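Chemist:
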Ligand code: 13P
């Protein structure tokens, strides 16, 4: 069932667990994420970056695919279709085509512009019953092809953005997208605590969920993180399973070249990764 993400994240914060945002890249990804959520009785947020949206044929195509699959697979758990790291224009487009949630990433602009745009988009999203996430403190790693190092958000700026009426806040706490380098310093829990003290009961979002240790995930949830984004880990699991299929020459046996067979191990690998995350984040059994 497609819904906005407001209630699921309020419930997660209250219940001390986190809802996974699983980024989708194609139809197999979407089916894997939806079916696992249903099996695990977990709420789920399907994240779509602007690049992935373009790859799948545009936001309208994505919206139709997700809503149709949700219906035909008879998914009963709450599902949010969420734009990940949207530009101002991208957010407007997703509001127009009927996503249920957007993220405006104004973290690359100065705080005044970030506030201005977040405020406008919050009004727009809420007028359509959609939820909105905003970002303070750029999250490093590979974001839009730029590799950066994990930045820590300014807690006062977090408070200014939270006060605009957004529904959940992404704040940099040393996290980065993609695989963490061996010399990564880990999450800054002092920053997370300071932010939490300023923003009160605003659900916080942890980006760059791939490769963060179980202990750090648990501690982040204890300190107010209610949504954790995972993308790279599913991509790696998919690639690894597909590589094995090809290396085992399964595509050369009978009709092993049929995409329904060729993509099956990767599909199953995404499902196991999503299930693992639901168990770790504690969202299983919560829908
Ligand atoms: P990873 O690719 O590191 O899992 O991060 C995903 C993410 O934060 C999407 O916004």
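In this note's numbering, the protein residues as written are 41 to 327.
We put the beta carbon where it would ideally sit given N, CA and C, even for glycine.
From a predicted model like this one, the values you see are computed outputs, not experimental measurements.
1) Apply the 10 Å Cβ neighbour rule to residue 48 and answer buried if 16 or more other Cβ atoms are within range, or exposed otherwise.
2) Name the one or two DSSP bridge partners that residue 192 has.
3) Nearest-angstrom Cα distance between residue 237 and residue 259?
4) Given the structure, does residue 70 come close to the ligand 13P, in the sense that its CB is under 7 Å from one of the ligand's heavy atoms?
5) Could you tell me which whole alpha helix (DSSP H) segments of length 4 or greater appear in the stretch 261-327?
6) What does the alpha-carbon distance come out to for the pair residue 250 and residue 220?
7) Indicate the three-state DSSP secondary structure (helix, strand or coil) for residue 89 in the structure shown.
8) Could you check if residue 217 belongs to the surroundings of the ligand 13P, using beta carbon to heavy atom distance under 7 Å?
9) What are the partner residues of residue 246, as DSSP defines its beta bridges?
10) Which term fits residue 114, buried or exposed, when burial requires 16 or more other beta carbons within 10 angstroms of its beta carbon?
11) Ignore the nearest five residues each way along the sequence and tell me which others in residue 186's own chain have a CB closer than 8 Å to its CB.
12) For a test of your reading of the model: does the CB of residue 122 fall under 7 Å from any non-hydrogen atom of the ligand 13P? Yes or no.
13) Flag this pair as yes or no: are the beta carbons of residue 158 and residue 146 separated by less than 8 Å?
14) If you follow the beta strand (DSSP E) that residue 120 is part of, which residue opens it and which one closes it?
15) Going residue by residue through the stretch 116-177, where are the continuous alpha helix (DSSP H) segments of at least 4 residues, counting only ones entirely within it?
16) If you reduce the DSSP assignment to three classes, tell me which class residue 75 lands in.
17) For residue 253, count neighbouring Cβ atoms within 10 angstroms of its own Cβ and tell me buried if that reaches 16, exposed if not.
Modeler: Short version:
1) buried
2) 213
3) When the Cα atoms are used, residue 237 and residue 259 turn out to be separated by approximately 15 Å.
4) no
5) 272-287, 299-302, 304-321
6) 8 Å
7) DSSP, read as helix, strand or coil, puts residue 89 in strand.
8) yes
9) 268.
10) exposed
11) Here the model assigns residue 186 a pLDDT of 49, short of 50, so the residue's position is not dependable, and the following value carries that caveat. Cβ neighbours of residue 186 within its own chain (closer than 8 Å, five residues either side excluded): none.
12) The answer is no for residue 122.
13) The Cβ-Cβ distance between residue 158 and residue 146 falls below 8 Å.
14) 119-126
15) 128-137, 151-167
16) helix
17) exposed
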